[in-house]
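Colleague: Please read through the structure below; I'll follow up with questions.
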Amino acid sequence: MTKSIEPGSIFSVNVSANEKIYGRILFDVDDFLDKSKNKDLKNYFDVFKKCVLIETFGIVSKEFDVSYLKNVAVKSSFIPVDTISDGEEWELTNMLIPVSVGYITFPEVLRFVDGKIYFCVGEVSIPTSFDEVFRDQSGVYPSFGSGYWEIVATLDYAGRKDLIEDEDDLMECYFKDSDLRESPELRKEIYDGINEDPGMSYEQLALKHGFNLNKKME
88 MTKSIEPGSI
98 FSVNVSANEK
108 IYGRILFDVD
118 DFLDKSKNKD
128 LKNYFDVFKK
138 CVLIETFGIV
148 SKEFDVSYLK
158 NVAVKSSFIP
168 VDTISDGEEW
178 ELTNMLIPVS
188 VGYITFPEVL
198 RFVDGKIYFC
208 VGEVSIPTSF
218 DEVFRDQSGV
228 YPSFGSGYWE
238 IVATLDYAGR
248 KDLIEDEDDL
258 MECYFKDSDL
268 RESPELRKEI
278 YDGINEDPGM
288 SYEQLALKHG
298 FNLNKKME
């Protein structure tokens, strides 16, 4: 029987002959787009079609334990759903631990659409007064990879550098180019520019701008 990939699904990644790291699927972009009537492509979900948002846990072990949920390594990052469904290095387990809408956060980026720079996070897209030069200097765009950096970041967080094949891959900030949350000073400057509170949760910000993820996830 094929295992179902859905929010709350726990997955594992083989990192040695008998050790794994674990993570959880937080959000399925295609499922959301199918349910959503919002066609405003100024947000970034069109970039992340066929992707899921995941978190990983900073423990390396043979088996998963629910206590790992308290030890988040990668908070939220997009990867192609095929990375997990191919079932080679990454494998879907039989465990499902539901995710509340209030728990979900999304990467924050700048995006150029129709001649204007937008601050984008999840469904929210806010026009800014920044120009392309500023965006290029900040270098933070909606992007995703194969899941490799999520593995490296998790192993580093877990103190298992011995399982990272290339020492040159070690970084201080693994998602600096794809998430403003990795650059606090730049993030504050942008939030000041759009007159928003950086301490607001994603759910609060979305509701303020007329988006309700709860209704879309029903």
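Plus 87 on top of the position in the sequence shown (first one is 1) and you've got the numbering used here.
The C-beta atom is built at its ideal place from N, Cα and C for all residues, glycine as well.
#1: Can you check which of these residues, Y109, D253, N158, D117, is closest to P167 by C-alpha distance?
#2: Whether or not the region 217-236 and the region 286-294 are in contact is what I'm after, with contact meaning three or more pairs of Cβ atoms, one per stretch, closer than 8 Å; do they touch?
#3: Identify every run of the beta strand (DSSP E) within the region 179-205, keeping only runs that are complete inside it and at least 3 residues long; order them along the chain.
#4: Quick one: what's got a C-beta closer than 8 Å to M88's C-beta in the same chain, skipping five residues either side?
#5: Going along the chain, which residues of its own chain have a beta-carbon closer than 7 Å to the beta-carbon of T180, five neighbours each way excluded?
#6: If you draw a straight line from the C-alpha of G226 to the C-alpha of E254, how long is it?
#7: I'd like the span of the beta strand (DSSP E) that includes K136, first residue to last.
#8: Quick check on the burial criterion: 16 or more other C-beta atoms within 10 angstroms. Buried or exposed for K136?
#9: Could you tell me if P229 is buried or exposed, where buried requires 16 or more neighbouring beta carbons within 10 angstroms of its beta carbon?
#10: Span of the beta strand (DSSP E) holding V211?
#11: Would you call the region 279-287 and the region 243-251 in contact, with 3 or more CB pairs under 8 Å?
#12: May I have the straight-line CA-CA distance separating K162 from T143, to the nearest angstrom?
#13: Identify whether D218 lies in helix, strand or coil by the three-state DSSP scheme.
#14: Hey, is S288 close to the ligand SAH, as in C-beta under 6 Å from one of its heavy atoms?
#15: Rounded C-beta distance between E371 and L267? I'm assuming under 8 Å.
#16: What does DSSP give as the partner residue(s) for Y109 in the beta ladder?
#17: Give the secondary structure of V239 by DSSP, where H, G and I count as helix, E and B as strand, and everything else as coil.
#18: If I follow the unbroken beta strand (DSSP E) through P167, where does it start and stop?
#19: Please classify D169 as buried or exposed, where buried requires at least 16 other C-beta atoms within 10 Å of its C-beta.
#20: K157: buried (16+ other C-beta within 10 angstroms of its C-beta) or exposed?
#21: Does the Cβ of S270 have 16 or more other Cβ atoms within 10 Å, making it buried, or fewer, making it exposed?
Modeller: Taking the structure as given:
#1: D117
#2: no
#3: 195-200
#4: Its pLDDT being 38, under 50, M88 is placed unreliably in this model, and the coordinates cannot settle the point.
#5: I97, F98, S99, F151
#6: 24 Å
#7: K136 -> no beta strand (DSSP E), and no H or E assigned at all.
#8: exposed
#9: buried
#10: 211-214
#11: no
#12: 7 Å
#13: coil
#14: For the structure depicted, the ligand SAH is absent and the ligand set is empty, with no information on it obtainable.
#15: Here the chain has residues from 88 to 305 only, and residue 371 is not among them.
#16: S99, F144
#17: helix
#18: 164-167
#19: exposed
#20: exposed
#21: buried
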